[in-house]
Amino acid sequence: MNDLLLLSTLLAGPKHGYALKKQIALITGQGEMHNNLVYPLLKRFVSQAWVSRREAKGQRGQTRELYALTTKGRQELVRRLSDFPEKTARSPEEFSMRVGLFEILDAPARVRILHQREKWLTQRAENLAALSGAIGLEKWPAEIVGFLHAQALAEKKWISKLRKDSEAM
Numbered sequence: 000m001n002d003l004l005l006l007s008t009l010l011a012g013p014k015h016g017y018a019l020k021k022q023i024a025l026i027t028g029q030g031e032m033h034n035n036l037v038y039p040l041l042k043r044f045v046s047q048a049w050v051s052r053r054e055a056k057g058q059r060g061q062t063r064e065l066y067a068l069t070t071k072g073r074q075e076l077v078r079r080l081s082d083f084p085e086k087t088a089r090s091p092e093e094f095s096m097r098v099g100l101f102e103i104l105d106a107p108a109r110v111r112i113l114h115q116r117e118k119w120l121t122q123r124a125e126n127l128a129a130l131s132g133a134i135g136l137e138k139w140p141a142e143i144v145g146f147l148h149a150q151a152l153a154e155k156k157w158i159s160k161l162r163k164d165s166e167a168m
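In structure tokens:
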């Protein structure tokens, strides 16, 4: 997912590594990505021609590396976002990222993504309902199972709205 975060952050235009780390921290709410993760990924992206790199002057006169998404990089990002297998559909972060980037995905990819997530949520809601009904849960376990069940149902309702909005695009 880190590679998708880096590539998608470059959609808005060229950035240097520090700005990428800051923006990703804001998006994920999990703090900055470590340099040992960001710069090797950027180096790989440059070698694959997904990202271009050029030197630019910094605010204090220093030289900075500025990274920009290439056409090939955008195509790869779209290809990878469009791929949404069942295992990936379990991840709320992976799903949220794709919904956040629906603008760059075609209608069939959006439909597949929504379908895969909805399919997983349906199974999850059924499993949670069965768990709740099969065993007599104490107060606190029942609270969390009920919350998770309601959360799955609420997300399914949201997916219905996303489907309608996506069809209108």
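When the letters of the sequence shown are read in order and numbered with numbering that gives the first Met the number 0, they come out as residues 0 to 168.
Yeah, the Cβ is synthetic: ideal placement off N, Cα and C, and Gly gets one too.
Check, Outcome
"Inter-stretch contact at 8 Å, needing at least 3 Cβ pairs: the region 48 to 62 / the region 91 to 101", "no"
"Cβ contact check for the region 2 to 12 and the region 26 to 38: 3 or more pairs under 8 Å", "yes"
"Identity of the residues DSSP links to Ala106 by a beta bridge", "Answer is none; Ala106 lacks a bridge partner."
"Selection from Arg111, His15, Ser159, Leu80 that minimises the alpha carbon distance to Gln61", "His15"
"Member of Thr121, Lys42, Ser131 whose CA lies at the smallest distance from the CA of Glu142", "Ser131"
"For Ser95 and Pro140, the rounded distance between their alpha carbons", "27 Å"
"Own chain, CB closer than 7 Å to Leu147, minus 5 neighbours either side, in chain order", "Leu127"
"Burial state of Lys20 (16 or more Cβ within 10 Å)", "buried"
"Unbroken alpha helix (DSSP H) run spanning Glu75, endpoints", "70 to 81"
"Cross-strand partners of Leu65 (DSSP beta bridge)", "His15, Arg53"
"Chain-order list of residues whose beta-carbon lies under 8 Å from that of Lys155 (same chain, five-residue window excluded)", "Glu117, Leu120, Thr121, Ala124"
"Pair within 9 Å by beta-carbon distance, Arg73 and Phe83", "no"
"Thr8 versus Ala67 - alpha carbon distance", "10 Å"
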